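This report refers to the structure that appears directly beneath it.
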Amino acid sequence: MFRVTIRGKFDGISEAGREQVRAAAGAAFTEAGAFTHDASVSVFTFRCQVPAGDDDDEKVATRRALAALEAHGHPHQVLRVAVTDMRQIKIRRKTGKS
Numbered sequence: 001m002f003r004v005t006i007r008g009k010f011d012g013i014s015e016a017g018r019e020q021v022r023a024a025a026g027a028a029f030t031e032a033g034a035f036t037h038d039a040s041v042s043v044f045t046f047r048c049q050v051p052a053g054d055d056d057d058e059k060v061a062t063r064r065a066l067a068a069l070e071a072h073g074h075p076h077q078v079l080r081v082a083v084t085d086m087r088q089i090k091i092r093r094k095t096g097k098s
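1 is the number of the first residue of the sequence shown in full-length UniProt numbering; add one for each residue after it.
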């Protein structure tokens with residue numbers, strides 16, 4: 001699984017589009033993607049969770065996340081993309097003293 005964060009700004013978004021972005025707001029990573037945004041809905045962070053196949057890499061995850069962003073249909077400019085491969089995350093468990 002990949003978690004992709006896309007920072008961007010809206011480019012001529014309509015008032016109806018602003019309302020749609022507000023409705024899709026959330027801080028969680030989902031496959032459809034969720035927006036966080038400033039008060040005027042002019043800049044945004046889009047968080048998307050992308051399933052990972054055995055041979056998938058960050059480029060594949062980025063393309064899929066950008067496609068999810070495009071599916072929302074709002075005119076935008078991408079400023080920055082960050083990808084985290086969750087398969088590489090190691091969890092350290094605290095060992096308690098008895």
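Note that the Cβ used here is the ideal one computed from N, Cα and C, for glycine as well.
Model, not experiment: these values are computed from the prediction.
TODO: Alpha carbon to alpha carbon, how far is VAL50 from ARG22? Give it in angstroms, no decimals.
DONE: 22 angstroms
- [ ] Confirm, please, whether the CB-CB distance from GLY12 to VAL78 is below 7 angstroms.
- [x] no
- [ ] With a 10 Å radius around its C-beta and 16 neighbouring C-beta atoms as the bar for buried, classify THR91 as buried or exposed.
- [x] In the sequence as presented, Thr is not what sits at residue 91; that position holds Ile. Exposed, since its Cβ has fewer than 16 Cβ neighbours within 10 Å.
- [ ] Determine the direct distance from the alpha carbon of HIS37 to that of THR45, and round the result to whole angstroms.
- [x] 6 angstroms
TODO: State the Cα-Cα distance for the pair THR62 and PRO75, rounded to the nearest angstrom.
DONE: 18 angstroms
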